[in-house]
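Contents: one structure, followed by commentary.
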Amino acid sequence: DFKDRSGRDVGRSVSAWGFWADALNGPYHCFGTLSEEPSFYKMTNKQYCRTAVDLAEHNVLALLHELRTGEPLALGAGGEAHRAKVARGPTSMADLTATAAADAKQHHQQQQQGQGAAVAA
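Number 255 in the numbering used here belongs to position 119 of the sequence shown; there are no gaps in the numbering.
And the structure:
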């Protein structure tokens with residue numbers, strides 16, 4: 137058994153043979169590298185505002201949209217990725233109020249569904 141210089145059991149590293157690129161790299165890398173939309177390359181504080189995930193999401197949606205309709209997908213003015221809005225959270229009082237109302241409505245619907253299931257049983 138291997139012990140380090142202070143006499144502790146550290147364990148052994150085991151090499152894992154095989155092809156690991158399919159587990160390490162997702163299938164959407166080719167979609168998350170380049171985009172025709174210039175707003176994806178906006179920089180703030182010497183960092184890109186959008187990630188490769190945002191690029192891939194837009195490019196896959198644009199591809200599917202163009203295959204279905206024959207027209208290129210246009211980003212709306214100030215359009216941003218859904219996950220960016222979610223990560224930022226409510227940023228104004230109106231957003232906070234709307235979010236709280238939506239949460240209360242969803243909670244109320246869940247309670248009604250639970251009561252309906254209890255009555256049916």
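Heads up, the beta-carbon is just placed ideally off N, CA and C, and yes, glycines get one too. Since we're looking at a predicted model, the values are computed, not measured.
key: Own chain partners of L211 with C-beta closer than 7 Å, once the 5 adjacent residues on each side are dropped   = Taking the first residue of the sequence shown as 1, we reach residue 211 at position 75. The residues are E173, S175.
query = Mind checking L191: buried by the 16 CB within 10 Å criterion, or exposed?
reply = To locate residue 191, count along the sequence shown from 1; it is residue 55. The residue is buried, with at least 16 neighbouring Cβ atoms inside 10 Å.
Helix, strand or coil at T235 according to DSSP, with G and I counted as helix = The sequence position of residue 235 within the sequence shown is 99, counting from 1. If DSSP states are grouped into helix, strand and coil, T235 belongs with the helices.
query = Which residues bound the alpha helix (DSSP H) around L199?
reply = Working through the sequence shown from its first residue, we reach residue 199 at position 63. L199 -> alpha helix (DSSP H) spans 188-205.
request  = Could you name the residues that DSSP lists as bridge partners for T180?
outcome  = The residue given as residue 180 occupies position 44 in the sequence shown. BP columns for T180 point to Q183.
message = Please report the straight-line C-alpha distance between Q246 and A238, rounded to a whole angstrom.
response = For the purposes of this step, residue 246 is taken as residue 110 along the sequence shown, with counting starting at 1. For the purposes of this step, residue 238 is taken as residue 102 along the sequence shown, with counting starting at 1. Their backbone Cα atoms lie some 12 Å apart in a straight line.
query = What is the DSSP secondary structure of G250, counted as helix, strand or coil?
reply = As a first step, residue 250 is located in the sequence shown; it is residue number 114 there, counting from the start. Reduced to three states, the DSSP call for G250 is helix.
ask   = How many angstroms separate the CA atom of K182 from the CA atom of V189?
value = The residue given as residue 182 occupies position 46 in the sequence shown. The residue given as residue 189 occupies position 53 in the sequence shown. Computed Cα separation, rounded: 19 Å.
request  = May I ask you to report which of helix, strand or coil DSSP gives A210?
outcome  = Here residue 210 refers to the residue found at position 74 when the sequence shown is read from its first residue. If DSSP states are grouped into helix, strand and coil, A210 belongs with coil.
request  = Please find out if some non-hydrogen atom of the ligand MG comes closer than 7 Å to the beta-carbon of V196.
outcome  = Absence of the ligand MG is noted for the structure shown, with no ligands found whatsoever.
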